[in-house]
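Novice: Take any residue in the sequence shown, note its place counting from 1, add 58, and you have its number in the working numbering. Below is a structure I'd like to ask you about.
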Amino acid sequence: MVEWWKIIILGAVEGFTEFLPISSTGHLLIVAKWLHFQQDAGGTFEIFIQLGAMLAVIGYYARDLLAQARAVAQDGKIRRFWLNILIAFLPAAIMGLLLHSWIKRVLFASPAVIAWAFIIGGLVLLAVEWLPKRLITTKDTVQITQRQAIFTGLAQVLALVPGVSRSGATIVGAMLSGVDRAAATRFSFYLAIPTLLAATGYDLLKSLDQLTSNDIGGLALGMIVAMITAWISIGWLLRYVANHTFIPFGIYRIVAGVLILLFLR
């Protein structure tokens, strides 16, 4: 019997955590283990429902995306912006393609990997906020340079490790390259569109032979719940970063990582 209530919980976990710098995949894997969730089709569920988060970003920025699509032929800034999205997308896409099987077989199977990624990521967030402030050179997302896009893309490669956090890695990477917190967060949201689409599409194609009719229904439900909750999360985080630091997220990650090491062996 498909455990629908567990799917709803996991969909909500994905949606609320995807765009926060705390790792949605890490939370999904840990919560799925805690719930004894059995409908994961070899980890495909945890990856595929991220498509719901991608749809939430598209919906949230639909007006901007449509305006950019209409103006792209005449506006060089918009063309450079999406070129930078592509540049930032490629490193993780290439490494993910090359290491896909090993990542799922080795890294996704170890709560210890997730725990240490939580802890190290938390320490990085605290360091970024507590160390002397960097020179801010970019406050507008469309003004991000190719160098900053490359740096952000290389940081996103680290998020192939479950527990690192795609949004956390890309936001920190952009901030370290001179982008202010709010612009780095928006750039991370846009970068999520091709990244999550590629990750979910590729994983689904690789796992088609493992899926059953029950899995399809569960994937759809999880995706819808993730889409709704991710929409809420996006709006909240954009308001939060306008006036707050990432220190609470860093502390949370460290505490969560320690608890995982203690209780989920």
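Glycine included, each C-beta is placed from N, C-alpha and C at the ideal position. Please read these numbers as outputs of a predicted model, since none were measured by experiment.
Count the other C-beta atoms from every protein chain shown that fall within 10 angstroms of the C-beta of Ser-82, then say buried if there are 16 or more, exposed otherwise.
Specialist: Per the 10 Å Cβ criterion, buried.
Novice: Based on Cα-Cα distance, which residue from Ala-111, Tyr-298, Thr-303 lies nearest to Thr-258?
Specialist: Checking every option, the nearest Cα to that of Thr-258 belongs to Ala-111.
Novice: Considering Ile-66, what are the terminal residues of the alpha helix (DSSP H) in which it resides?
Specialist: 62-75
Novice: Less than 8 Å between the beta carbons of Leu-93 and Lys-64, yes or no?
Specialist: yes
Novice: If contact is defined by three or more beta carbon pairs under 8 Å, each pair taking one atom from either stretch, is the stretch 240-250 in contact with the stretch 176-192?
Specialist: no
Novice: With the cut-off set at 8 Å, would you say Met-233 and Ile-107 are in Cβ contact?
Specialist: no
Novice: Does DSSP classify Val-130 as helix, strand or coil?
Specialist: In the three-state reduction of the DSSP assignment, Val-130 falls in the coil class, being assigned neither a helical nor a strand state.
Novice: Restricting to Cα atoms, I'd like to know which of Leu-295, Phe-166, Ile-105, Arg-205 is closest to Asp-261.
Specialist: Ile-105
Novice: Please report the straight-line C-alpha distance between Gly-134 and Leu-254, rounded to a whole angstrom.
Specialist: 26 Å
Novice: Whether or not the stretch 213-220 and the stretch 149-164 are in contact is what I'm after, with contact meaning three or more pairs of Cβ atoms, one per stretch, closer than 8 Å; do they touch?
Specialist: yes
Novice: Please specify which runs of the alpha helix (DSSP H), each continuous and at least 4 residues long, are wholly inside the stretch 120-186, giving them in chain order.
Specialist: Counting whole runs of 4 or more residues, the stretch 120-186 contains the alpha helix (DSSP H) stretches 120-129, 134-160.
Novice: Any heavy atom of the ligand SAH inside 7 Å of the beta-carbon of Phe-106?
Specialist: This structure does not include the ligand SAH; it has no bound ligands of any sort.
Novice: When you compare only the Cα positions, how much space is there between Ile-305 and Glu-187?
Specialist: 7 Å
Novice: Between Leu-156 and Ala-150, what straight-line distance do the alpha-carbon atoms span, to the nearest angstrom?
Specialist: Leu-156 and Ala-150: Cα-Cα distance of roughly 10 Å.
Novice: Would Gly-211 pass as a contact of Ala-146 if the rule is Cβ separation under 8 Å?
Specialist: yes
Novice: Label Asn-142 either buried or exposed according to how many other C-beta atoms from any shown protein chain fall within 10 Å of its C-beta, with 16 as the threshold for buried.
Specialist: Flag for Asn-142 reads buried.
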